[in-house]
Amino acid sequence: MSNSHLVVVGSGIAGLYGALLAAEAGVRVTLLTKGTLAQSNTHQAQGGICAVLTEGEAAPGDSVEAHIADTLKAGANQCDPAAVRILCSEAAGDIAALERFGVLFDRDDTGRRALGLEGAHSAARILHAGGDATGAAIANGLIAAVRDAAELGLITLLEGCFATELLAHTEKHPALAAGDADEAHDAGTPPRAAIAGIAYLDPRNERQVLDTDAVLLATGGAGQLFEFTTNPQVATGDGVALAWRAGAVLADLEYFQFHPTALAVGRNFLISEAVRGAGAVLRDANGEAFMSRYHPEGDLAPRDVVARSIAAHLATLARESAAEATGDAPAKEANAAGQGEGPHHVFLDATGVEAANGPGYLARRFPTIDATTTALGFNWRRDWLPVAPAAHYWMGGIATDLHGRTSVPGLFAAGEAACTGVHGANRLASNSLLEGLVFSRRAVTAFTAAATGKHTWPVKHDGATRLPLLPSPLAGSVQETAAAALSRAELRHLMASHAGVVRDADGLKLVAAALATVNPARNNAAAKRPEANIAAGTELRREHEDSNLHLVAQLLVHAALTRENSVGAHFRADFPQGPGVILEPALSMTRKSNFWVNPVPTLTTAEPQRESETV
Numbered sequence: 117m118s119n120s121h122l123v124v125v126g127s128g129i130a131g132l133y134g135a136l137l138a139a140e141a142g143v144r145v146t147l148l149t150k151g152t153l154a155q156s157n158t159h160q161a162q163g164g165i166c167a168v169l170t171e172g173e174a175a176p177g178d179s180v181e182a183h184i185a186d187t188l189k190a191g192a193n194q195c196d197p198a199a200v201r202i203l204c205s206e207a208a209g210d211i212a213a214l215e216r217f218g219v220l221f222d223r224d225d226t227g228r229r230a231l232g233l234e235g236a237h238s239a240a241r242i243l244h245a246g247g248d249a250t251g252a253a254i255a256n257g258l259i260a261a262v263r264d265a266a267e268l269g270l271i272t273l274l275e276g277c278f279a280t281e282l283l284a285h286t287e288k289h290p291a292l293a294a295g296d297a298d299e300a301h302d303a304g305t306p307p308r309a310a311i312a313g314i315a316y317l318d319p320r321n322e323r324q325v326l327d328t329d330a331v332l333l334a335t336g337g338a339g340q341l342f343e344f345t346t347n348p349q350v351a352t353g354d355g356v357a358l359a360w361r362a363g364a365v366l367a368d369l370e371y372f373q374f375h376p377t378a379l380a381v382g383r384n385f386l387i388s389e390a391v392r393g394a395g396a397v398l399r400d401a402n403g404e405a406f407m408s409r410y411h412p413e414g415d416l417a418p419r420d421v422v423a424r425s426i427a428a429h430l431a432t433l434a435r436e437s438a439a440e441a442t443g444d445a446p447a448k449e450a451n452a453a454g455q456g457e458g459p460h461h462v463f464l465d466a467t468g469v470e471a472a473n474g475p476g477y478l479a480r481r482f483p484t485i486d487a488t489t490t491a492l493g494f495n496w497r498r499d500w501l502p503v504a505p506a507a508h509y510w511m512g513g514i515a516t517d518l519h520g521r522t523s524v525p526g527l528f529a530a531g532e533a534a535c536t537g538v539h540g541a542n543r544l545a546s547n548s549l550l551e552g553l554v555f556s557r558r559a560v561t562a563f564t565a566a567a568t569g570k571h572t573w574p575v576k577h578d579g580a581t582r583l584p585l586l587p588s589p590l591a592g593s594v595q596e597t598a599a600a601a602l603s604r605a606e607l608r609h610l611m612a613s614h615a616g617v618v619r620d621a622d623g624l625k626l627v628a629a630a631l632a633t634v635n636p637a638r639n640n641a642a643a644k645r646p647e648a649n650i651a652a653g654t655e656l657r658r659e660h661e662d663s664n665l666h667l668v669a670q671l672l673v674h675a676a677l678t679r680e681n682s683v684g685a686h687f688r689a690d691f692p693q694g695p696g697v698i699l700e701p702a703l704s705m706t707r708k709s710n711f712w713v714n715p716v717p718t719l720t721t722a723e724p725q726r727e728s729e730t731v
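Have a look at this one:
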């Protein structure tokens, strides 16, 4: 096993955990990340990680079946039920593994792990660490374990290295030699080349190549597509772009979750869902607790519902404000279309939480939020916090089977970069960290089984080629260009305005047209004036990031245009969701704008079975 080499790209929970498990299994592991190990979405996660614990520790009435039901419901019945069952039933084991790696979860007065409640959960099953610093606590524990393993020579760390290209065994697949890869895609057949290596830029901006038996992409999401996001600056869709260029099947790209309560001033800081779980209430500027207007679960409705309700309520207030001020019909219409002035945020009222639990409760339970809001001049024990929806999590990504395998042999994906099917059209709160654990572990198990000859990589493309191709309103338009069409600031503004919480065909086509326009002169000029809010890095790295953002923006817009209905986090104002709406299967795409329906069952026809395992 020591001769087998796995390259893990990314240092969030999926990458760190996968690297540790692979090293424990005797695999030669290289962990490559473009920033430091601490730069990830995981490090910023506040709310927690959910799991139904063993009997005696689970909340009264809670069960794995209840967790499954909540996940399926939040996902608007677009989830893969088999993947959801795996996620929920295997959760407790991975929580125990985290503790083995040094992660300490908060305990209650009885010494049991404390459990919190969040939106769309039917029971308290959210574990947290450091109050509202769960992600940082998990990341720090795993990082310490990874650095220990690196000191022992079990993991090679490559920090500050930017992955630019996946390399394949093209010599074994003549049809995929230079110039023929696109032809294979045009024929509707995913590539059969196997991963042989990965190219990257080292900290000196020199191109390096690693030979490897497999690559696990755990690069996180793409929140930097949008003007207002809770994601760190490193979230630029790198893994999805790498996989698409390698010909991998992508899925559910239209589903991008907007967290309803990001602080609307200062830096893009998330106010955890756990605050509403503890009893905080959303109010408008008039003091109305408005969520009961939009959903029977009120402030604890699923995230997509709350984010969309905030947007709808702000639009209503804008129309009412315009009508009162002018009585002018055109002004009302302008505000309804988002062209006029009106409120841009609502408020989160946590004063009742402090009153109900005693002085100092908010600071004890949510120390990170308390410190950050205090530094910004807020006293949330007394005052309401201004909040607004912000891009938070991409449910779509690189399509995988139940073992993290993509449609390209030798390429695995896990975490937010992957689309395992567990989230459907809208992710249940606190399922993201759990997914990163469960499916990175399963990916490593599948890799080690392949490396020891227990099974061969299942390339089951025959089923995929028989699936119907869906007509696309942008056929042939998803393509890469030599230079990004827009500056990063322009791209983020366009995406937020027309591909965000609420979308329609006109807006999406406007973005698509802008993305299809190449202006190398402007792009080069922008590169010479680095934006202050871009993470420290070279011009070359920034160009690669902008190229990835430009590509994944095209893919997302393409998918959003193709899905002409509203479901979960994908809301089309021109195809609004209504009672009894018939939901379509998940959309997927490979290069050259071909779309398949539900590729995942095709990929799962051959499972790497452990002797005691049935899936």
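Take the sequence shown: its letters are residues 117 to 731, numbered as in the numbering used here.
Where is the CB? At the ideal position from N, CA and C, for every residue including glycine.
In the DSSP assignment, residue 199 falls within the unbroken alpha helix (DSSP H) covering 197–205.
Excluding five sequence positions before and after residue 335, the CB atoms of its chain that fall closer than 6 Å to its own CB belong to 125, 126, 354, 355 and 533, given in chain order. Cα atoms of residue 553 and residue 133: separation of roughly 7 Å, rounded to the nearest angstrom. In the structure shown, residue 160 adopts helical secondary structure according to DSSP, grouped into three states. The Cβ atoms of residue 415 and residue 405 sit closer than 9 Å to each other. According to DSSP, residue pairing for residue 345 in a beta bridge involves 507. When secondary structure is reduced to three states using DSSP, residue 614 falls in the helix class. Boundaries of the beta strand (DSSP E) harbouring residue 279: 278–284, taken from the DSSP string. Residue 245 holds the alpha-carbon nearest to the alpha-carbon of residue 223 among 205, 326 and 245.
Of the residues assessed, residue 368 falls on the buried side of the cut-off, its CB having 16 or more other CB atoms within 10 angstroms. Close CB contacts of residue 346 within its chain, under the 6 Å cut and outside five residues either way in sequence, are with 375, 378, 384, 386, 506 and 508 (chain order).
The three-state reading of DSSP puts residue 485 in helix, counting H, G and I together.
For residue 313, the enclosing beta strand (DSSP E) covers residues 311–317. Rounded to whole angstroms, residue 559 and residue 141 show a C-alpha spacing of 13 Å. Contact between the segment 195–206 and the segment 170–187 is present: 3 or more CB-CB pairs across the two stretches fall below 8 Å. Across the structure, residue 139 and residue 500 are spaced so that their CA atoms are roughly 48 Å apart. Taken atom to atom, the span from the alpha-carbon of residue 122 to that of residue 525 is near 13 Å. Here residue 491 is exposed, its C-beta having fewer than 16 other C-beta atoms within 10 Å.
For residue 543, there is no enclosing alpha helix (DSSP H), as DSSP gives it neither H nor E. Residues of the same chain with a CB within less than 6 Å of the CB of residue 418, apart from the 5 flanking positions on each side, are 190, 236 and 542 in chain order. Under DSSP, no beta-bridge partner is assigned to residue 352. Non-local beta-carbon contacts of residue 497 in its own chain, meaning distances under 7 Å to residues more than five positions away in sequence, involve 467, 470 and 478 in chain order. Nearest in C-alpha terms to residue 688, of all of 624, 667, 631 and 628, is 624.
Shown here for residue 425: same chain residues with a beta carbon closer than 7 Å to its own, the five before and five after excluded, namely 407, 410 and 411 in chain order. When Cβ pairs closer than 8 Å are counted between the two stretches, the segment 275–282 is seen not to touch the segment 167–177, the count staying below three. Pairing residue 128 with residue 678, the inter-Cα distance amounts to about 31 Å. Residue 358 and residue 475 have their alpha carbons spaced roughly 50 Å apart. In the DSSP assignment, residue 529 falls within the beta strand (DSSP E) that extends over 527–529.
With respect to residue 423, residue 459 sits apart: the two C-beta atoms are not nearer than 9 Å.
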